Every structure is written in structure tokens, then in C-alpha cells.
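**Student:** One structure is given below, represented as C-alpha cells, and several questions about it will come after.
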Amino acid sequence: MKKLFSKAVLAPWIATIILFVVWEVSVRAFDVEEFILPSPTATFGALIEFWGPIWHNAFQTLFTTVVGFLIAIAFGFVLGVAVGASALLYQALYPLLIGFNSIPKVAVVPILVLWFGIGTVPAIITAFLISFFPIVVNVATGIATLEPELQEVLRSLGARRLDILRKVGIPRAMPYFFASLKIAITLAFVGSVIAETVAANSGIGHLMLQASSSFRVPLVFAGLIVIAFLGIVMYVIAAVIERRFTGWATRGGAAGEYATGG
Amino acid sequence: MSATISIEEASLSYGGEGGLLALADASLSVDRGEFVAVVGPSGCGKSSLLKLVSGLYPALKGRVSVNGEAVTGPLKIVGMAFQNPVMLPWRTTIENVLLPLEVVEPHRGQFRRRRAEYRGWAEALLGTVGLAGFGDKNPWELSGGMQQRASLCRALIHKPDLLLLDEPFAALDAFTREELWGVLQDLWQEHKFTVVLVTHDLREAVYLADRVYVVSSRPGRIIHTRDVSLARPRRLETTFEPGFVELVHELRDHISQARQAAA
Ligand SMILES: Nc1ncnc2c1ncn2[C@@H]1O[C@H](COP(=O)(O)OP(=O)(O)OP(=O)(O)O)[C@@H](O)[C@H]1O
Ligand SMILES: [Mg+2]
Numbered sequence: 080m081k082k083l084f085s086k087a088v089l090a091p092w093i094a095t096i097i098l099f100v101v102w103e104v105s106v107r108a109f110d111v112e113e114f115i116l117p118s119p120t121a122t123f124g125a126l127i128e129f130w131g132p133i134w135h136n137a138f139q140t141l142f143t144t145v146v147g148f149l150i151a152i153a154f155g156f157v158l159g160v161a162v163g164a165s166a167l168l169y170q171a172l173y174p175l176l177i178g179f180n181s182i183p184k185v186a187v188v189p190i191l192v193l194w195f196g197i198g199t200v201p202a203i204i205t206a207f208l209i210s211f212f213p214i215v216v217n218v219a220t221g222i223a224t225l226e227p228e229l230q231e232v233l234r235s236l237g238a239r240r241l242d243i244l245r246k247v248g249i250p251r252a253m254p255y256f257f258a259s260l261k262i263a264i265t266l267a268f269v270g271s272v273i274a275e276t277v278a279a280n281s282g283i284g285h286l287m288l289q290a291s292s293s294f295r296v297p298l299v300f301a302g303l304i305v306i307a308f309l310g311i312v313m314y315v316i317a318a319v320i321e322r323r324f325t326g327w328a329t330r331g332g333a334a335g336e337y338a339t340g341g
Numbered sequence: 161m162s163a164t165i166s167i168e169e170a171s172l173s174y175g176g177e178g179g180l181l182a183l184a185d186a187s188l189s190v191d192r193g194e195f196v197a198v199v200g201p202s203g204c205g206k207s208s209l210l211k212l213v214s215g216l217y218p219a220l221k222g223r224v225s226v227n228g229e230a231v232t233g234p235l236k237i238v239g240m241a242f243q244n245p246v247m248l249p250w251r252t253t254i255e256n257v258l259l260p261l262e263v264v265e266p267h268r269g270q271f272r273r274r275r276a277e278y279r280g281w282a283e284a285l286l287g288t289v290g291l292a293g294f295g296d297k298n299p300w301e302l303s304g305g306m307q308q309r310a311s312l313c314r315a316l317i318h319k320p321d322l323l324l325l326d327e328p329f330a331a332l333d334a335f336t337r338e339e340l341w342g343v344l345q346d347l348w349q350e351h352k353f354t355v356v357l358v359t360h361d362l363r364e365a366v367y368l369a370d371r372v373y374v375v376s377s378r379p380g381r382i383i384h385t386r387d388v389s390l391a392r393p394r395r396l397e398t399t400f401e402p403g404f405v406e407l408v409h410e411l412r413d414h415i416s417q418a419r420q421a422a423a
């Protein structure tokens, strides 16, 4: 158990406070106009003033993000297992996946609008598209890097491929899987917000776009802060689940290093 | 029960005809309940020989048979242990030892029903290798030597007829290694399974085996066969007796010849 006021607990808070203080002081010292860079006080002012619409739109963004993320988990896990377990599928699909991941998702949103119209669906799909890739790569890596000795032990006992996958491959891939979730959830936010700024009539992205077109820059920054905050909360949830399920991977303290594609 | 092995003029090549020839025209035969050791320079195809016997890799030509039947695929009963104990870190030690019973016929179908009984087997086996009471520890909480003992238990839990060992003690310190020779010899004398042990350690080969095969540099051929008729059970004192030392020297000569021939 960490102590309540240990260095590890305090450090991130202190770093955050320093960031805001430097920001505030710089804005005041250089007399920066509010429509270029609002100060933290102005930003938090906007956050309080527009609390109602911010909350409403943040909830919408959270919703699209989580739905897109859940689809990405299901799809990414299944595809990752398939690609990791079959060398042929790996060879067949890997170039496609890389190519697909290289496409900027902003470029996809107009197509999604064409197909599904403006609203929630393009945001969910964008969140999904942007976040499934690291899950696939990590799960596939976890399964494909199974120790050959272990495969030999099991195969010499007559284990079928499915046995090896169930008993060893998938459990072994779990730390890779959870590590990828932490990246995927933050990417899913990026996807949602990108889609909202292009093709939605609600959500934080939409709110920020509207605010900036009417030069309410503090509100834009308030939106950024809310997204960052939600991102941190979701990351922490993913990290807690990770530790809960794959504590063995860190072997009592020494943090395991896992590949994190994306 | 235990198995007989017969390999006749078998070759093994990675990448098929024209690929990398690891073994060339190797022949050996092992009787029921015999303990044989295979020694040879590094990379000469010793591990490949074990893959041939277990059916994990097919022979390019020649015949491999176990219990009189030609080997055409994984044998489904073999116990194996390697230099790297490869324990599953998300399972406790005893759950690692039980893994083969979850996979191998006929136990896999009865695993749930007979779980308590199987745990009893595993605990007894852990006891014989000096790991009594460590079953519920995580494998990474065990030392390298303890993990290797557990890996031996995993190789034996399903009472295999055939035990294939690929340098299982190579990563251990000399004291632990010599202690485990004794442990393995006791287990073998009790259960009388057939053993093929691959090793770099000539003293280990002479201590444990009824017969030692010396393999040439790649492509591996069997260039020398030596029966070891020292009395059982062999003890550490045996390794200081002139007969033992002489045998080790003789084998060493053959290996250095094999290495010079390659150079
Ligand atoms: N899976 C594989 N694919 C291709 N070549 C292989 C493979 N496994 C082994 N080889 C090659 O076959 C040859 C024999 O390898 P093997 O592992 O049988 O040697 P070894 O006698 O066990 O060596 P060591 O004593 O170092 O363990 C080596 O040249 C090796 O590079
Ligand atoms: Mg080897």
C-alpha cells in the first residue's frame, strides 16, 4: 500500500500544479491576449460558467469513446489471437493492417458521414478505427512470442493448437493486451473528438469547434482540459484492471516491459 | 511401462531437401527402461535428434520408431524438460506441474473429477525432488534450481513411458546439478521409464547413462557408442573412481576429435 502523502502520490499533483502556475505566470507576464492563449484562471472560469453544456457534451464524447473502445477490444482481441496463432494469417494481414493504420483517420470521417450521416455513429466508428490497431498488434505479439520449448512440451503430449492457445497463448498475451488497452483508450478519445469536430452536433469536439468559431477561446481550452481529464480517468481505470488481472507479469514490483504498438 | 526407440539411418534437414542438414544417417536403438545419453559439440544436432524421437519434426529419410511403430507425428505421451524450465508465471508451481494432465489423454477428460487425486500425485512428486511445501508458491519465487526440479516433475506427472531431456541441468551450479543427478537417477530407478538425455557435461552423461552416444559436428552422425557398466545406484563418490574418470577422458577424446574434424 502506498502512503497517503508519499512522493509517488504527490508527484503528479505537484507537476500539474507547476504546469498551471507557469502557464498563468507566462500569460500575465507577457500580456498574452485571451483569444490567443487564455490563462488557466480564464479557462477554469469558462469551465464553471459553461458547466451545463460542457457536462452534457462531455458525456456524449465519453459515450461514443467507450462504445468505440469496447468494439475495438472485442474486434482487436479476436483479430490479434487469429493473427498471433496463424503464421499464414499474420503474413496475409499484417501489411494490410499497417497500411490501414497509416491512413489519417480525419480523412476517413467524411466518408463515414457520407455513409451514416452526421451524428453519433461516425464518432463511434472513428474511435473504434483508431484504437483497435494497438490491441491487435499487442495480442498477436503476446501469442506469437510463445516460448518454443513450451509448445514442444505441450505438442509432445498431444495438445491441439486450440489447447495450446487456451492454456498458454491467451493467458500469456494478457499483459500485452492490457498494456495495449491503456494506449487504445486514449486513442479512442482522439478518434471521437476528431469525428465530432468534423461531423457531429454534440460532443466536446463539436463544442470546441463552435466555441472557437465565436472566439470564445477560454471555452475551447476548457474543452481540452475536460478531454485530458477524461483521458486520465479512463487510463487509470485500464491500469487498475491491468494490475488486478496480470499482477503476475510484474513479478512483485519490477515493472514488466511490454511492447506497445500503435 | 516404458518405451523402446529405434532410429535407423535417419536424417533431419531444416528446410527440406537441400536445406540445412542437421542430422545425417544417425542410427541408435534404446531398449525398454534404458537410460541413454547423447553428447557432442554445440550445434551438432542433438536437440534435433530429440525432435525426431518425439515426432515434433519429421525425418528427411530413414526410419524412426518408438515401441515398434513408425513415428509420424507428435507421440502424445512424452515427457520433456529443457535447459530453460519455462514455467507459466500465472500459475502456481503445482498448477504448472499439473499442466500435462490437463492436456494428455486419458487424464484430460477426468481432470475435474480427479483433481484432488492429481494434486496428490503432484505433491508426492514435488516431495521426491525436495520441493515439498513449495507447490503453492509462484514459480518466479523459486530459484533456478528449484524451477528445474519443478520442470522435471511436470515432465513426469503423467507417468510417461519416455522422458526426453535436453540439457536440463546446464544452467545450474555444480552442486545443484550433481544433486539433481541423484534425484533423476532415483526417479528413474523407481519408475523405469526410458530416458534420452542430451548434455554437454560428460560427467553427467557417464553418471546417469547406461550408454553414451557421441555425435559428430554438423551434420550429426553417431561416431561412437560407449556402454557404461558402472554399478547402480551411482553416487557422487563414483565420479572419483578411476573407472569413471577413464570413461570421461575417453569420451572427451572422441569429442575433441569430432571438433577438430570440423575445424
Ligand atoms: N528450427 C530450426 N530451423 C532451422 N535450423 C535449425 C532449427 N533448429 C536447429 N537448427 C540448426 O540445426 C543445427 C543443429 O541444431 P540443434 O539444435 O539440433 O543442435 P544441438 O546439438 O542441440 O546444439 P546445442 O548443443 O548448442 O544445443 C544447427 O546448425 C542449428 O542452427
Ligand atoms: Mg540443443
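Sequence order for the protein chains is A and Z. Each number in the working numbering comes from the position in the first sequence (counting from 1) with 79 added on. Each number in the working numbering comes from the position in the second sequence (counting from 1) with 160 added on. Glycine is no exception: its CB is placed at the ideal position from the N, C-alpha and C atoms. Remember, predicted model here, so these are calculated numbers, not experimental data.
Using a beta-carbon distance below 9 Å, is Glu226 of chain A in contact with chain Z?
**Tutor:** Within the first sequence, numbered from 1, the residue matching residue 226 of chain A stands at position 147. So, interface residue.
**Student:** By the 10 Å Cβ neighbour count, where 16 or more other Cβ atoms means buried, how is Pro320 of chain Z classified, buried or exposed?
**Tutor:** Against the second sequence, residue 320 of chain Z aligns to sequence position 160. Buried, because 16 or more other Cβ atoms sit within 10 Å of the Cβ of Pro320 of chain Z.
**Student:** Hey, could you find the ends of the alpha helix (DSSP H) His481 of chain Z is sitting in?
**Tutor:** Residue numbering for chain Z in the displayed model covers 161 to 423; residue 481 of chain Z lies beyond these limits and cannot be assessed.
**Student:** Cβ closer than 7 Å: which chain Z residues qualify as neighbours of Leu233 of chain A?
**Tutor:** Position 154 of the first sequence, counting from 1, holds the residue named residue 233 of chain A. Ordered by position in chain Z, the residues that pass the 7 Å Cβ test against Leu233 of chain A are Val263.
**Student:** Anything in chain Z within Cβ reach of Lys246 of chain A, meaning under 9 Å, just list it in chain order.
**Tutor:** Along the first sequence, one-based indexing puts residue 246 of chain A at 167. Within chain Z, the residues near Lys246 of chain A are Leu248, Leu259, Glu262 and Val263.
**Student:** Jot down the residue ranges of each uninterrupted beta strand (DSSP E) in the region 258 to 341 of chain Z, minimum 3 residues, whole runs only, in chain order.
**Tutor:** 322 to 326
**Student:** Output, in chain order, the set of chain C residues within a Cβ distance shorter than 9 Å of Met240 of chain Z.
**Tutor:** Here chain C cannot be found, since the structure's protein chains are A and Z.
**Student:** State yes or no: is the beta carbon of Pro91 of chain A nearer than 9 Å to at least one beta carbon in chain Z?
**Tutor:** Taking the first sequence and counting its residues from 1, the one referred to as residue 91 of chain A is at position 12. Contact with chain Z is absent for Pro91 of chain A, since none of that chain's Cβ atoms lies less than 9 Å from the residue's Cβ.
**Student:** On the three-state DSSP scale, how would you describe Met240 of chain Z?
**Tutor:** Walking along the second sequence from the start, residue 240 of chain Z turns up at place 80. In this structure, Met240 of chain Z counts as strand in the three-state DSSP scheme.
**Student:** Taking 9 Å as the CB-CB limit, is Thr220 of chain A close to chain Z?
**Tutor:** Here residue 220 of chain A refers to the residue found at position 141 when the first sequence is read from its first residue. Judged by the 9 Å Cβ criterion, Thr220 of chain A is not in contact with chain Z.
**Student:** Using DSSP with H/G/I as helix, E/B as strand and the rest coil, what is Arg107 of chain A?
**Tutor:** Within the first sequence, the letter at position 28 stands for residue 107 of chain A. It is helical.
**Student:** Are Leu302 of chain Z and Ala315 of chain Z touching if we call contact CB-CB under 9 Å?
**Tutor:** Counted from its first residue, the second sequence places residue 302 of chain Z at position 142. Counted from its first residue, the second sequence places residue 315 of chain Z at position 155. Not closer than 9 Å, so no.
**Student:** What residues of chain A sit near Ser303 of chain Z, judged by a beta carbon separation below 8 Å?
**Tutor:** Numbered from its first residue, the second sequence carries residue 303 of chain Z at position 143. The contacting residues do not exist; Ser303 of chain Z stays about 14 Å from chain A at best.
**Student:** Whose Cβ in chain A lies nearer than 9 Å to the Cβ of Lys221 of chain Z?
**Tutor:** The sequence position of residue 221 of chain Z within the second sequence is 61, counting from 1. Per Cβ cutoff of 9 Å: no residues; Lys221 of chain Z is ~22 Å from chain A at best.
**Student:** Spell out the partners DSSP gives Glu229 of chain Z in its beta bridges.
**Tutor:** Numbered from its first residue, the second sequence carries residue 229 of chain Z at position 69. In the DSSP output, where bridge partners are listed per residue, Glu229 of chain Z has Z:Val226.
**Student:** What would DSSP say about His384 of chain Z, mapped onto helix, strand or coil?
**Tutor:** Taking the second sequence and counting its residues from 1, one reaches residue 384 of chain Z at position 224. Reduced to three states, the DSSP call for His384 of chain Z is strand.
**Student:** With Glu283 of chain Z and Gly295 of chain Z assumed to form a contact (beta carbons below 8 Å), what rounded beta-carbon distance in angstroms separates them?
**Tutor:** What you label residue 283 of chain Z is simply residue 123 of the second sequence in a count that begins at 1. What you label residue 295 of chain Z is simply residue 135 of the second sequence in a count that begins at 1. Contact flag correct, Cβ pair sits at about 6 Å.
**Student:** Please check if any C-beta of chain Z sits within less than 9 Å of the C-beta of Arg251 of chain A.
**Tutor:** In the first sequence, counting from the first residue as 1, residue 251 of chain A sits at position 172. Yes, Arg251 of chain A counts as interfacial toward chain Z.
**Student:** Would you mind telling me which residues of chain A sit closer than 9 Å to Pro402 of chain Z, beta carbon to beta carbon, in chain order?
**Tutor:** What you label residue 402 of chain Z is simply residue 242 of the second sequence in a count that begins at 1. Per Cβ cutoff of 9 Å: no residues; Pro402 of chain Z is ~38 Å from chain A at best.
**Student:** Go ahead and label Glu336 of chain A buried or exposed: buried means 16 or more other beta carbons lie within 10 angstroms of its beta carbon, across all protein chains shown.
**Tutor:** On the first sequence, residue 336 of chain A is found 257 positions in, with the first residue counted as 1. With a pLDDT of only 42 at Glu336 of chain A, under the threshold of 50, the placement of this residue in the model should not be trusted, and no figure is reported.
**Student:** Measuring straight from C-alpha to C-alpha, what distance separates Cys313 of chain Z and Ile306 of chain A?
**Tutor:** Taking the second sequence and counting its residues from 1, the one referred to as residue 313 of chain Z is at position 153. Taking the first sequence and counting its residues from 1, the one referred to as residue 306 of chain A is at position 227. In a straight line, the C-alpha of Cys313 of chain Z is about 53 Å away from that of Ile306 of chain A.
**Student:** Residues of chain A with CB closer than 7 Å to the CB of Pro234 of chain Z, please, in chain order.
**Tutor:** As a working mapping, residue 234 of chain Z is identified with position 74 in the second sequence. Chain A residues near Pro234 of chain Z: Arg234, Ser235 and Gly237.
**Student:** Using a Cβ distance threshold of 8 Å, determine whether the region 228 to 247 of chain A contacts the region 261 to 269 of chain Z, with at least three qualifying pairs required.
**Tutor:** Between the region 228 to 247 of chain A and the region 261 to 269 of chain Z, the count of Cβ pairs shorter than 8 Å is three or higher; the stretches touch.
**Student:** Once you ignore the five residues that flank Ala331 of chain Z on each side, which residues in its own chain have a CB closer than 7 Å to its CB?
**Tutor:** Here residue 331 of chain Z refers to the residue found at position 171 when the second sequence is read from its first residue. A distance below 7 Å between beta-carbons, with the five flanking residues on each side excluded, links Ala331 of chain Z to the following residues of its chain, in chain order: Gln243 and Gly304.
**Student:** So which residues on chain Z does Asp242 of chain A lean against when the C-beta distance must stay under 9 Å?
**Tutor:** Reading the first sequence from its first residue, position 163 is the one you call residue 242 of chain A. Result: Glu262, Val263 and Arg268.
**Student:** Relative to the C-alpha of Ala202 of chain A, which residue among A:Ile273, A:Ile264 and A:Phe179 is closest?
**Tutor:** Here residue 202 of chain A refers to the residue found at position 123 of the first sequence. Relative to Ala202 of chain A, the option among A:Ile273, A:Ile264 and A:Phe179 whose CA is nearest is A:Ile273.
**Student:** Under the criterion of a Cβ to heavy atom distance below 8 Å, does Ser207 of chain Z qualify as lining ligand 2?
**Tutor:** Taking the second sequence and counting its residues from 1, one reaches residue 207 of chain Z at position 47. The answer is yes for Ser207 of chain Z.
**Student:** Looking at the C-beta of Lys206 of chain Z, does it have a partner C-beta in chain A at a distance below 9 Å?
**Tutor:** Counting from one through the second sequence, the residue named residue 206 of chain Z turns up at place 46. False, the Cβ-Cβ gap to chain A never drops below 9 Å.
**Student:** To the nearest angstrom, how far is the alpha carbon of Thr336 of chain Z from that of Ile177 of chain A?
**Tutor:** Position 176 of the second sequence, counting from 1, holds the residue named residue 336 of chain Z. Position 98 of the first sequence, counting from 1, holds the residue named residue 177 of chain A. So the two alpha carbons sit approximately 49 Å from each other.
**Student:** Would you identify the three-state DSSP class for Arg192 of chain Z, choosing helix, strand or coil?
**Tutor:** Here residue 192 of chain Z is taken as the residue at index 32 of the second sequence, counted from 1. Under the three-state reduction of DSSP output, Arg192 of chain Z falls in the coil class, being neither helix nor strand.
**Student:** 9 Å is my cut-off, CB to CB: does Ala166 of chain A come that close to chain Z?
**Tutor:** For the purposes of this step, residue 166 of chain A is taken as the residue at position 87 of the first sequence. With respect to chain Z, the C-beta atom of Ala166 of chain A has no partner C-beta closer than 9 Å.
**Student:** Looking at Ile382 of chain Z and Ser376 of chain Z, is the spacing between their C-beta atoms short of 9 Å?
**Tutor:** Within the second sequence, residue 376 of chain Z is the residue found at index 216, counting from 1. Within the second sequence, residue 382 of chain Z is the residue found at index 222, counting from 1. Yes, the Cβ-Cβ distance between Ser376 of chain Z and Ile382 of chain Z is below 9 Å.
**Student:** Does any heavy atom of ligand 2 sit closer than 8 Å to the C-beta of Val232 of chain A?
**Tutor:** Start at 1 with the first residue of the first sequence, and residue 232 of chain A comes out as number 153. Because no heavy atom of ligand 2 lies under 8 Å away, the Cβ of Val232 of chain A does not count as near it: no.
**Student:** Can you tell me which of the three DSSP states Val356 of chain Z falls into?
**Tutor:** Your numbering for residue 356 of chain Z matches position 196 in the second sequence. Here Val356 of chain Z sits in strand by DSSP.
**Student:** Closest Cβ-Cβ distance between Arg258 of chain A and chain Z: below 9 Å?
**Tutor:** Translated into positions along the first sequence, residue 258 of chain A becomes position 179. Position check: residue 258 of chain A holds Ala in this sequence, whereas Arg was assumed. No, no contact with chain Z.
**Student:** Around the Cβ of Ile316 of chain A, are there at least 16 other Cβ atoms within 10 angstroms (buried) or fewer (exposed)?
**Tutor:** Here residue 316 of chain A corresponds to residue number 237 of the first sequence, with the count starting at 1. Under this definition Ile316 of chain A is an exposed residue.
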